[in-house]
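Heads up: the structure comes next, in structure tokens.
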Amino acid sequence: MKSYHVAVIGGDGTGPEVTREALKVCEAAGRKFGFTLNWHHYDFGGDRYLRTGEVLPDSAVEELRQYKAIFLGAVGHPQVKPGILEKGILLRLRFELEQYINLRPVRLYRAEDCPLKDKGPEHVDFVVVRENNEGLYTGAGGFLFKGTPHEVAIQESVNTRRGVERCLKYAFELAGKRRNGKPWKGLKPEDVAAGKTAQLTLCGKTNVLTYAFDLWWRTFQELAPNYPAVKSDYAHVDAICMWFVKNPEWFDVIVTDNMFGDIITDLAAMIQGGLGVAAGGNINPEGTSMFEPMGGSAPKYTGQNVINPLAAINAGAMMLDFLGESQAATAIEDAVIQIINTKVKSLAAGRMGYGTREIGDLVAEAVA
Ligand code: IPM
Ligand code: MN
1 MKSYHVAVIG
11 GDGTGPEVTR
21 EALKVCEAAG
31 RKFGFTLNWH
41 HYDFGGDRYL
51 RTGEVLPDSA
61 VEELRQYKAI
71 FLGAVGHPQV
81 KPGILEKGIL
91 LRLRFELEQY
101 INLRPVRLYR
111 AEDCPLKDKG
121 PEHVDFVVVR
131 ENNEGLYTGA
141 GGFLFKGTPH
151 EVAIQESVNT
161 RRGVERCLKY
171 AFELAGKRRN
181 GKPWKGLKPE
191 DVAAGKTAQL
201 TLCGKTNVLT
211 YAFDLWWRTF
221 QELAPNYPAV
231 KSDYAHVDAI
241 CMWFVKNPEW
251 FDVIVTDNMF
261 GDIITDLAAM
271 IQGGLGVAAG
281 GNINPEGTSM
291 FEPMGGSAPK
301 YTGQNVINPL
311 AAINAGAMML
321 DFLGESQAAT
331 AIEDAVIQII
341 NTKVKSLAAG
351 RMGYGTREIG
361 DLVAEAVA
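Heads up, the sequence shown is in this note's numbering, so the first residue is 1 and it goes up one at a time.
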């Protein structure tokens, strides 16, 4: 029987609670599809930091590098200054493990969970590929004359040819295989006639950020002919925000830089039903990837059994897919859809009609 070793960082606040449900559901899928999961728990997070002063020791990064997958609950603690845990754990692992893709599927499972008028599951089904190692997130920049009236703060966006190219390649390839060769419904008849089955939209700001997005645009143009089945498309980030609300059905796969990706995926999470269901993967296709629900640690709900574990469960499904268990991943997502459509009242914390554990049990039973 196949067996996987996975590192688990439950983290802060409600992180451990939602993680427990995700692991439960992954185990149920393992029983059904014939594999076992060995969880290796690590206690990094706010409590450990407050107790020991340690955020993430160097040795831990090296240890985590030995795994193919890490499951992360949430980081963020009300008694720890913002940035310490986010930069010290989440961003450090994304960077040091070269998880250069942040993959964010955006799928609405039930019309009533969407705040948009007249939009249903047939309108909201796309993926955002966010560059995860560069851009404004590298920490390049600094202060001059800090604290004086002449203070200057510079925060630089770093975009390398290598970084941009590997991200775009990943996105083109994903677009090419996402529909298994079946044309995406948003394509025009003439595109389908021309052999297109998918669409990749580059989200940028070429009219203002004329260095960074010039590099993205040129690289995009150079790569496009290698993917004849993918229709390439471009939109400015501000327009994308407008169209996510007005015409989300226009999107299939979207690729963008780190900062824009951060922003548009929160907007995207809201149109798919909120942070209760939104999951993401920090992907290093050749190395260690890390899967997480998109919501934060929601400290005020800690220990109350009211937080929605479906985002964590979806992150678990993404992790199994990454490990090669695609049938198990599909079964979990199908179970989530079934439970949302037959049981769950609302996706918001405390209004689900069930507790955190009960939702986990329902999905695990549906998988079995
Ligand atoms: C996300 C989060 C992180 C980010 C924070 C917690 C550092 O918002 O995963 O989108 O900005 O990338
Ligand atoms: Mn974010």
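In this text, a Cβ means the ideal position worked out from N, Cα and C, and glycines have one as well.
If you drop the 5 nearest sequence neighbours on each side, which residues of the same chain put their C-beta closer than 8 Å to that of Asp12? Gly45, Gly46, Asp47, Gly73, Ala74, Val75, Gly76, His77, Leu85, Ser297 and Pro299
Should Asp262 be counted as a contact of the ligand SAM given a C-beta to heavy atom distance under 7 Å? You won't find the ligand SAM in this model; what it holds is the ligand IPM and the ligand MN.
Going along the chain, which residues of its own chain have a beta-carbon closer than 6 Å to the beta-carbon of Ile337, five neighbours each way excluded? Tyr109
For Ser57, three-class secondary structure by DSSP: It should be pointed out that residue 57 corresponds to Pro in this sequence rather than to Ser. If DSSP states are grouped into helix, strand and coil, Pro57 belongs with coil.
Which first and last residues belong to the beta strand (DSSP E) in which Met290 is found? Ser289 to Pro293
Per DSSP, Leu200 forms a beta bridge with which residues? Ser232 and Val253
What residue ranges within the segment 115 to 179 form continuous alpha helix (DSSP H) runs of no fewer than 4 residues, ordered along the chain? The segment 115 to 179 contains these whole alpha helix (DSSP H) runs: 161 to 178.
Just verifying my parser: in three-state terms, what is the DSSP assignment at Ile283? Strand, per DSSP.
Do the segment 135 to 142 and the segment 182 to 199 touch if we need at least three Cβ pairs shorter than 8 Å? no
Can you find at least 3 beta carbon pairs, one from the segment 243 to 258 and one from the segment 123 to 135, that sit closer than 8 Å? yes
Taking its Cβ as the centre, do 16 or more other Cβ atoms sit within 10 Å of Ala231, making it buried, or is it exposed? Going by the sequence as given, residue 231 is Lys instead of Ala. Buried: at least 16 other Cβ atoms inside 10 Å.
Let me check you understand the geometry: is the CB of Leu91 closer than 7 Å to at least one non-hydrogen atom of the ligand IPM? yes
Local conformation of Gly11 per DSSP, three classes: strand
Check this for me: beta carbons of Ala331 and Val277, under 8 Å apart or not? Annotated as distal: Ala331 and Val277, with beta-carbon spacing of 8 Å or more.
State buried or exposed for Met352, treating a residue as buried only when at least 16 other CB atoms are found within 10 Å of its CB. Label assigned to Met352: buried.
Applying the criterion that 16 or more other CB atoms from any shown protein chain within 10 Å of the CB defines a buried residue, is Ser371 buried or exposed? Any answer about residue 371 is impossible in this case: the structure gives the chain only from 1 up to 368.
Which residues bound the beta strand (DSSP E) around Trp216? No beta strand (DSSP E) contains Trp216, which is instead part of the alpha helix (DSSP H) from Ala212 to Leu223.
Do Asn314 and Glu292 have their CB atoms nearer than 8 Å? The Cβ atoms of Asn314 and Glu292 lie no closer than 8 Å to each other.
By the 10 Å Cβ neighbour count, where 16 or more other Cβ atoms means buried, how is Ile416 classified, buried or exposed? Residue 416 lies beyond the stretch modelled for the chain, which goes from 1 to 368, so this question has no answer here.
Let me check you understand the geometry: is the CB of Asp12 closer than 7 Å to at least one non-hydrogen atom of the ligand MN? no
Cβ neighbour criterion (16 or more within 10 Å) applied to Pro105: buried
Between which two residues does the beta strand (DSSP E) holding Pro105 run? Ile101 to Arg107
So, at 6 Å on beta carbons, what are the nonlocal neighbours of Gly204 in its own chain, with the 5 sequence-adjacent residues on each side left out? Phe213 and Trp216
If we count the other Cβ atoms within 10 Å of its Cβ and call it buried at 16 or more, is Arg178 buried or exposed? Arg178 is buried by the Cβ-count criterion.
Since Gly181 and Gln199 should fall inside the 8 Å C-beta cutoff, what is the C-beta to C-beta distance between them, to a whole number of angstroms? Not quite, the Cβ-Cβ distance comes to about 14 Å (not below 8 Å), so this is no contact.
Taking the continuous beta strand (DSSP E) assigned at Thr36, which residues delimit it? Phe35 to Tyr42
Which whole-angstrom value describes the C-beta separation of Thr14 and Ile307, a residue pair presumed to lie in contact below a C-beta threshold of 8 Å? 4 Å
Let me know the secondary structure DSSP gives Ser346 once reduced to three states. The answer is coil: DSSP assigns Ser346 none of H, G, I, E or B.
Closer than 7 Å: Glu286 CB and nearest the ligand IPM heavy atom: no
How far does the alpha helix (DSSP H) with Ile313 in it reach, from first residue to last? Start and end: Leu310 to Phe322.
Can you tell which of Gly135, Thr36 and Gly355 has the C-alpha that lies nearest to the C-alpha of Asn305? Gly355
Need the endpoints of the beta strand (DSSP E) that Gly73 sits in, please. Start and end: Ala69 to Ala74.
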